[in-house]
Amino acid sequence: MSFIIWGLAAAFYLFGFFQRVTPGVLTEELSTTFDLSRAALGNLSAFYFYFYAAMQIPVGLLVDRIGPRKILTAGCMLGGMGALMFGFAPTLGWAAVGRGLVGGSVAVAWVSMLMLVAQWFSPARFASMSGVSLAVGTMGAVLAGVPLRALSDLFGWRMVMGASGMIAVALGLLIWIYVRDMPSQRGYKNHVAKRPANEVTLPLLTALGHTLRFPAVWLIFWIPSGVCGAILTFTGLWGVPYLTTWHGLSVKEASLIITGMLIAFAAGSLFFGALSDKLKQRKLPYFIGAVLSISGFIILGIQPELPISLVSVLLWITAFGGGSMVLSFGYVKESVPHHLGATAVGIVNLGVMVGPLVQQPVLGAILDHYAAVENITGAYSKAGMTVCMLVLAVWVGSSIVSLMLSRETHAKPRFA
22 MSFIIWGLAA AFYLFGFFQR VTPGVLTEEL STTFDLSRAA LGNLSAFYFY FYAAMQIPVG
82 LLVDRIGPRK ILTAGCMLGG MGALMFGFAP TLGWAAVGRG LVGGSVAVAW VSMLMLVAQW
142 FSPARFASMS GVSLAVGTMG AVLAGVPLRA LSDLFGWRMV MGASGMIAVA LGLLIWIYVR
202 DMPSQRGYKN HVAKRPANEV TLPLLTALGH TLRFPAVWLI FWIPSGVCGA ILTFTGLWGV
262 PYLTTWHGLS VKEASLIITG MLIAFAAGSL FFGALSDKLK QRKLPYFIGA VLSISGFIIL
322 GIQPELPISL VSVLLWITAF GGGSMVLSFG YVKESVPHHL GATAVGIVNL GVMVGPLVQQ
382 PVLGAILDHY AAVENITGAY SKAGMTVCML VLAVWVGSSI VSLMLSRETH AKPRFA
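Read in order, the letters of the sequence shown are residues 22 to 437 in my numbering.
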């Protein structure tokens, strides 16, 4: 039963990941349909992240308060409506509202799923199951690569987006029917003791204030903004234009490399989650992944004219290292008292979104600037693309500094 409950939550997380990266494959369709500049396209894509980020802290507080089942059901319904709105939007404004609604609703998926993992699986499996969860979600991004490209060519991008919305609504019904917050609600033994009533009923702002008092929360919040955020920014929007500009690839060829990055990201989450649980450490495996994550951006920022085979390998290694971001959630959950766990996870997931939320439009503005300076119309500047890679490298570097300042938990709760 535990895998069925987890699987339904993971399916919604997959839907969210699919929606997250679709603009990276649909750049031409969206730019043509809504007559968008590079910066405007970046802002449209970032609407998902604006609302996703804004919802993270409220979601954590609400999951701690009322449980994941109701939150997931509502998220699926609203996410489906948002996908339908985006798919059939007559204007840019409606498209932005639809994308924002999707972002705000799928924001509930990750935190709710991890809280179900914490309740339905042994604590010793938390990081490993987090890695599996992230890998499943990343398959949504894989579906938003070559499969989305093929389906959009066959049926049109609007029909594909609309169909994805209907799937989300159906998933919401299944979650309401089958998912329960705790094993005892299905007649099984709980892995985690029920929390004292005075902890459950903490006022929302009080719970938030208590969580933010822990320095570990602030440090761990920043780590995935670079380690993961840079990967999301590149795969979700600017990776395909980078590869077509620098290496003359077709959109389909570039999408295959981006799909490879997403698969590598999923593999990294599985590897680092399992390694962390085996070593009973969070910090060392995370550091190894972060170093791998920064390497590709630095090398391609300094030496962009490499053979495409080597570029592909570097990008896949970078994405594999980015999968280490999955350790953020077990790390922060172990760094605060149990009753603040979902709130802390929500805050850290906000950090994940801070990266692409800022990076996507900023990189779009950089590309517009270089295109204007070089008097380029309808294409991307190679120099601008190189600067973008270095900007991402600097951001990942700041995440590594934050990681070094954090305190190891040895895969055990620091508080009773």
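Backbone N, C-alpha and C fix where the C-beta goes; we use that ideal spot for every residue, glycine too.
Is the beta carbon of residue i less than 8 Å from the beta carbon of residue j?
| i | j | result |
| --- | --- | --- |
| Ala74 | Leu327 | no |
| Gly124 | Ala110 | no |
| Leu426 | Ala287 | no |
| Pro236 | His359 | no |
| Ala61 | Ala432 | no |
| Gly344 | Ala311 | no |
| Phe24 | Gly161 | no |
| Trp416 | Gly257 | no |
| Leu65 | Ala117 | yes |
| Glu395 | Arg303 | no |
| Leu122 | Val366 | no |
| Arg86 | Leu233 | no |
| Gly376 | Ser290 | no |
| Ala184 | Phe33 | no |
| Gly269 | Thr407 | no |
| Met98 | Gly193 | yes |
| Ser419 | Val248 | no |
| Gly63 | Met182 | no |
| Phe39 | Ala165 | yes |
| Trp267 | Pro325 | yes |
| Ile368 | Gly81 | yes |
Which residues in the same chain have their Cβ closer than 6 Å to the Cβ of residue i, if we skip the five residues on either side of it in sequence?
| i | result |
| --- | --- |
| Ala275 | Val261, Leu264, Thr265 |
| Gly186 | Gly101, Ala104, Leu105 |
| Ala295 | Ser149 |
| Ser205 | Asn211 |
| Ser1 | Outside the modelled stretch of the chain, which goes from 22 to 437, sits residue 1, for which no answer is possible. |
| Tyr209 | none |
| Thr254 | Pro377, Gln380, Gln381 |
| Ala340 | Ile252, Met282, Ala285, Phe286 |
| Ile319 | Ala414 |
So, under 8 Å CB-CB, residue i and residue j are touching, yes? Tell me the CB distance rounded to an integer number of Å.
| i | j | result |
| --- | --- | --- |
| Phe70 | Met282 | The Cβ separation is near 18 Å, so there is no contact. |
| Ile241 | Val353 | 5 Å |
| Leu67 | Gly158 | Here residue 67 turns out to be Ala, not Leu, going by the sequence shown. So it is not a contact: roughly 19 Å between Cβ atoms. |
| Val127 | Gly152 | No, Val127 and Gly152 are not in contact; Cβ-Cβ is about 20 Å, not under 8 Å. |
| Ser349 | Ile244 | 6 Å |
| Thr94 | Trp239 | Actually they do not touch by this definition, with Cβ atoms about 32 Å apart. |
| Gln140 | Asp202 | 7 Å |
| Leu361 | Ile78 | With a Cβ gap of about 12 Å, Leu361 and Ile78 do not count as contacting. |
| Leu229 | Thr364 | 6 Å |
Among residues of its own chain, excluding the 5 on either side of residue i, which ones have a beta-carbon nearer than 8 Å to its beta-carbon?
| i | result |
| --- | --- |
| Lys273 | Val167, Arg170 |
| Leu47 | Leu169, Ser173, Trp178 |
| Ile338 | Ala285, Leu313, Ser316, Gly317 |
| Arg207 | Met22, Arg201 |
| Glu49 | Val272 |
| Tyr199 | Ile25, Ile26, Leu29 |
| Pro306 | Phe293, Leu296, Ser297, Leu300, Ser345, Leu348 |
| Phe436 | Val357, Pro358, His359 |
| Met180 | Gly108 |
| Phe308 | Ile421, Leu424, Met425 |
Would a check of beta-carbon distances place residue i closer than 8 Å to chain D?
| i | result |
| --- | --- |
| Gly37 | Annotation note: the requested chain D is absent from the structure, which comprises a single protein chain. |
Skipping 5 residues on each side, what residues in its chain have a beta carbon closer than 7 Å to that of residue i?
| i | result |
| --- | --- |
| Ile278 | Leu264, Ser333, Leu336 |
| Phe137 | One detail in the question is off: residue 137 reads as Leu in this sequence, not Phe. Around Leu137: Ile26, Trp27, Ala30, Pro89. |
| Ser133 | Ala30, Val84, Pro89, Ile92, Leu93 |
| Val163 | Thr280, Leu283, Ile284 |
| His231 | Leu361 |
| Ser52 | Leu62 |
| Leu195 | Leu29 |
Three or more beta-carbon pairs under 8 Å between the stretch 390-399 and the stretch 305-319, yes or no? For the pair of segments examined, the stretch 390-399 was found not to touch the stretch 305-319: the number of CB pairs separated by less than 8 Å stays below three.
Any chance the stretch 35-46 sits against the stretch 341-357, with 3 or more Cβ pairs inside 8 Å? Touching, no, given that fewer than three Cβ pairs across the two stretches are closer than 8 Å.
Spell out a yes or no on whether the stretch 380-389 and the stretch 412-423 are touching, meaning 3 or more CB-CB pairs, one atom from each, closer than 8 Å. Touching, per the Cβ criterion.
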